[in-house]
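Peer 1: Chains as they are written, first to last, in this note's numbering: chain A, 7 to 82; chain B, -8 to 135. Ideal placement from N, C-alpha and C gives every residue a C-beta, glycine not left out.
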Amino acid sequence: MSKNDEVLSFPVIVAAVNGNVDAINAVLKRYEGYIAQLSTRKLYDEDGNSYIVVDEDMRRRLETKLITKILKFKVA
Amino acid sequence: MELSSSQRKTVEHQFDSFCKRLLKNETRNILRDMKNRQKYEVLYSEMPLGEIDVLMTMDKYPTDINKFITCGFEVDVESDLLAEALSKLPVKSRNILLLAYFLDMSDVEIAKVLDVARSTVQYQRSNSLKKLKTYMGGKTNVEE
């Protein structure tokens, strides 16, 4: 995890903002864990048992939002 | 666009916080959306019977509809009971009833079409209604 905690390097950020697919994938990979953490929800089945699962719909929505917003980031 | 290494470092961290912030905000939006939707969403299996009936529709087939032709107009009558009673009425009475209640024409308009006095239309209309009532024998669709 320690490697994943580092911030993304400057060239990757510039490439991602300019729409480079590989760079955007790198960004998604970097925040994969955070997105999973945010979209983790407690769900209940009909018997009242609770499950802690990653809400796939929510995960996709967050991913999509990240991709669309990356392109709007202004590199100083 | 030449940035010094410390400036690059700043941008890296700005980007990091930018991403984290937007993800956090979007999470809040999603949760709020879900909460709002939950107010209106009902499981189909848990719906009360009365509400399910509202969603139900019956298919309509052209063969189920009884057609009458009056003064060149085509009139569809859905109720079988009503259609049967109407077909037993004399043609004149039936025409007036169809024009008045199915085509929403006023007595004056009907009088013009049939070329009779307005009062005649009014008299025949109320008379026909009475006849229709006796033909149907007080039966309605509800009691059927």
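(1) In chain order, what residues of the same chain have a beta carbon less than 8 Å from the beta carbon of B/Leu80, not counting five sequence neighbours either side?
(2) Do A/Phe16 and B/Glu3 have their CB atoms nearer than 8 Å?
(3) Count the other C-beta atoms from every protein chain shown that fall within 10 angstroms of the C-beta of B/Met49, then say buried if there are 16 or more, exposed otherwise.
(4) Report the residue from A/Glu12, A/Val13 and A/Ile19 whose alpha carbon sits nearest the alpha carbon of A/Lys75.
(5) For B/Lys58, list the residues DSSP reports as bridge partners.
(6) For a cutoff of 8 Å on Cβ pairs, would you count B/Leu46 as touching chain A?
(7) Using a Cβ-Cβ distance under 8 Å, would A/Lys75 count as near chain B?
(8) Quick check on A/Leu13: does DSSP put it in helix, strand or coil?
(9) Could you run through the region 9 to 25 of chain B and flag, in chain order, every residue whose CB is less than 8 Å away from some CB of chain A?
(10) Using a Cβ cut-off of 8 Å (strictly closer), state whether B/Arg(-1) contacts chain A.
(11) State whether the region 20 to 31 of chain A contacts the region 42 to 53 of chain A, with contact taken as three or more CB pairs (one from each stretch) at a distance under 8 Å.
(12) Using the Cβ count rule (16 or more neighbours within 10 Å means buried), how would you classify B/Thr18?
Peer 2: In brief:
(1) Leu88, Ser119, Lys122, Leu123 and Tyr126
(2) yes
(3) exposed
(4) A/Ile19
(5) B/Asp67
(6) no
(7) yes
(8) Before going further, note that residue 13 of chain A is Val rather than Leu in the sequence given. Looking at A/Val13 - three-state DSSP - the assignment turns out to be coil, as it is neither helix nor strand.
(9) Phe9, Cys10, Lys11, Leu13, Leu14, Lys15, Glu17, Thr18 and Ile21
(10) yes
(11) no
(12) buried
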